[in-house]
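The letter at position 169 of the sequence shown is residue 169 when you use the UniProt record's numbering, and the numbering goes up by one with no holes.
Cβ coordinates follow ideal geometry from the N, Cα and C atoms, glycine included.
Values in this document were obtained by computation on a predicted structure and should not be read as measured data.
The structure appears right after this line, and notes come after that.
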Amino acid sequence: MLRAGRASGSALNKLNAAHAVIIQAESPIVSTALFGQKALGYMYNAVDIKPLGQNYCPNYRLPPEDPQAGQIGCRIKVVNQDTFACAEEMVKRHNFEQSQMLIARNQGNPEPDLHPVDNGVVCLNMANAHNKGGGFTSGSSAQEEALMHRSTLWATLDQAFYPWTDTEGVYSPYVAVYKKYNPGDPADPADAGSYTPLERAEAILNAKPPPTKANQIALPGPPLSEVAVISIAAISKPATTTAADGTEDYADPYVRDLMYLKVRQMLRIAALNGHRRLVLGALGCGAFRNPKQRVADIFLSVLQEPEFQGGWWKEITFACFDRDTSPASNPYIFGKVLGGQVV
């Protein structure tokens, strides 16, 4: 389900602020029941991460249904969709692949052991470097806050991490999507809807004491979707220039170069940790007011650098959720720059 957003601002703010209190209490319980203590995120500094080594590249190729099937690389998709909604579809594909490999392995087929490590889906959290969750506790509803409302992400981010420097970010290896958003009545601005636990999460929360390895045991409901999350913060409201054609750019070359560094950082973290499916986004192009066209260009430029060529990923999708679909919107601009590109 897409994030909350149709109700009036005050109603939605009130719902989110109240639900943030619930998430702070629930998410550590659900996270521990699923993952134990290993879910806590850890800090990466971009200046310390070495470039990827091509010897470790899995050399993925375009799938048979692609017009250029067999070519090394993957074709970027841009969708007007919530991050976790996009990720949950990827998780299904990953889990199916892994189940087929397990069947083959159990039948004595050695081929699965020849495949590169595939640790599944990783999502970009467009984070706030100063406040854990951004405006989560006060009821805001941007992308980071939306991730918090539906998952155990809050429990993986240590308060001691904050504030981050411009070159730091957090990798959370184990995050579960355990809640859904139920829309309110669109005809009633006061009805902001509600958040409810998924069936298995509800069973976890009701158990006394909570179970362990809760995605692997018999409980009501299907297993919860598991993803990793990379939390990276863009520079907030950087100075920009506007060209004669209306295109914005960073006024300060340092800030522009810093964005290049941040994109390399997230891609290196993903590849080094064996994630083959990426859900990225329009980093900094919402409340932080970074220049959209330039950010999209930076993503494409970095993905086309030799370091990231050679087939590191099976899927790269930019989830750019926006009710505005005009030529000035994130879905339109990122789709125009990145959609269909093979990297």
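>> Assuming contact is defined by CB atoms lying nearer than 8 angstroms, are Phe-334 and Cys-320 in contact in what I supplied?
In response: yes
>> In this structure, how does DSSP classify Lys-132 when only helix, strand and coil are distinguished?
In response: coil
>> For Arg-200 and Pro-220, which I take to be in contact (beta-carbon distance under 8 angstroms), what is that distance rounded to the nearest angstrom?
In response: 6 angstroms
>> Which residue wins for smallest C-alpha separation from Val-91, given the options Pro-58, Asn-55, His-275 and Arg-75?
In response: His-275
> Can you tell me where the beta strand (DSSP E) with Asp-249 in it begins and where it stops?
Replying inline: 248-250
> With distances taken between CB atoms, is the gap from Gln-265 to Ile-76 smaller than 8 angstroms?
Replying inline: no
>> So, with DSSP's three-state summary, where would you put Tyr-195?
In response: strand
> How far does the beta strand (DSSP E) with Leu-280 in it reach, from first residue to last?
Replying inline: 277-280
> With distances taken from CA atoms, which of Leu-157, Gly-134 and Thr-156 is nearest Ala-146?
Replying inline: Gly-134
> With distances taken between CB atoms, is the gap from Leu-338 to Val-78 smaller than 8 angstroms?
Replying inline: yes
>> Going by DSSP in three states, Leu-124 sits in which element: helix, strand or coil?
In response: strand
> Distance, Cα to Cα, Thr-325 vs Gln-81?
Replying inline: 12 angstroms
>> Taking the alpha-carbon of Asn-182 as reference, which of Leu-198, Thr-212, Val-117 and Ser-172 has the nearest alpha-carbon?
In response: Leu-198
>> Output needed for Glu-248: all residues of its chain with C-beta closer than 8 angstroms, excluding positions within five of it in sequence on either side, in chain order.
In response: Thr-240, Thr-241, Thr-242, Pro-291, Lys-292, Gln-293 and Arg-294
>> Using DSSP's beta-bridge definition, name the partner residues of Asn-45.
In response: Glu-168
> Is there at least one non-hydrogen atom of the ligand GTP closer than 7 angstroms to the beta-carbon of Asp-322?
Replying inline: Questions concerning the ligand GTP fall outside what the structure shown contains, since it holds no ligand whatsoever.
> Does the beta-carbon of Tyr-250 have 16 or more other beta-carbons within 10 angstroms, so that it is buried, or is it exposed?
Replying inline: buried
>> Looking only at its chain, what residues have a beta carbon closer than 6 angstroms to the beta carbon of Leu-303, apart from the 5 residues adjacent to it on each side?
In response: Val-343
>> For Met-13, which residues in the same chain have their Cβ closer than 7 angstroms to its Cβ, ignoring the five residues on either side in sequence?
In response: Inspection of the sequence shows that residue 13 is occupied by Asn rather than by Met. Within the same chain, Asn-13 has close Cβ partners Gly-139.
> Where Leu-2 and Val-117 are concerned, what is the direct C-alpha to C-alpha distance, given to the nearest angstrom?
Replying inline: Bear in mind that a pLDDT of 49 at Leu-2, under 50, signals an unreliable position, so the number given afterwards is only what the model happens to contain. Looking at the two C-alpha atoms, the distance is approximately 31 angstroms.
> If you follow the alpha helix (DSSP H) that Phe-84 is part of, which residue opens it and which one closes it?
Replying inline: 83-106
> For Ser-236, does the count of other Cβ atoms within 10 angstroms reach 16, so buried, or fall short, so exposed?
Replying inline: exposed
> With Pro-58 and Gly-311 assumed to form a contact (beta carbons below 8 angstroms), what rounded beta-carbon distance in angstroms separates them?
Replying inline: 6 angstroms
>> By the DSSP assignment, the beta strand (DSSP E) with Val-342 in it spans what residues?
In response: Run containing Val-342: none; DSSP gives neither H nor E here.
> Pick from Gly-36, Ser-27 and Asn-16: whose alpha carbon is nearest that of Thr-212?
Replying inline: Gly-36
> If we count the other Cβ atoms within 10 Å of its Cβ and call it buried at 16 or more, is Ala-87 buried or exposed?
Replying inline: buried
>> If you follow the alpha helix (DSSP H) that Thr-156 is in, where does it begin and where does it stop?
In response: 153-156
> The alpha helix (DSSP H) with Tyr-181 in it runs from where to where?
Replying inline: Careful: Tyr-181 lies outside any alpha helix (DSSP H), inside the beta strand (DSSP E) at 179-182.
>> Please state the DSSP three-state secondary structure of Val-263.
In response: helix
>> By the three-class DSSP mapping on this structure, what secondary structure does Thr-317 have?
In response: strand
>> Tell me which residues share the same chain as Gln-24 and place their Cβ nearer than 7 angstroms to its Cβ, disregarding the 5 neighbours each side in the sequence.
In response: Trp-154
>> Please report the straight-line C-alpha distance between Ile-103 and Pro-112, rounded to a whole angstrom.
In response: 10 angstroms
> Just the Cα atoms here: how many angstroms apart are Asn-119 and Ala-203?
Replying inline: 26 angstroms
>> Taking the beta strand (DSSP E) that Thr-241 belongs to, which residues open and close that run?
In response: 240-242
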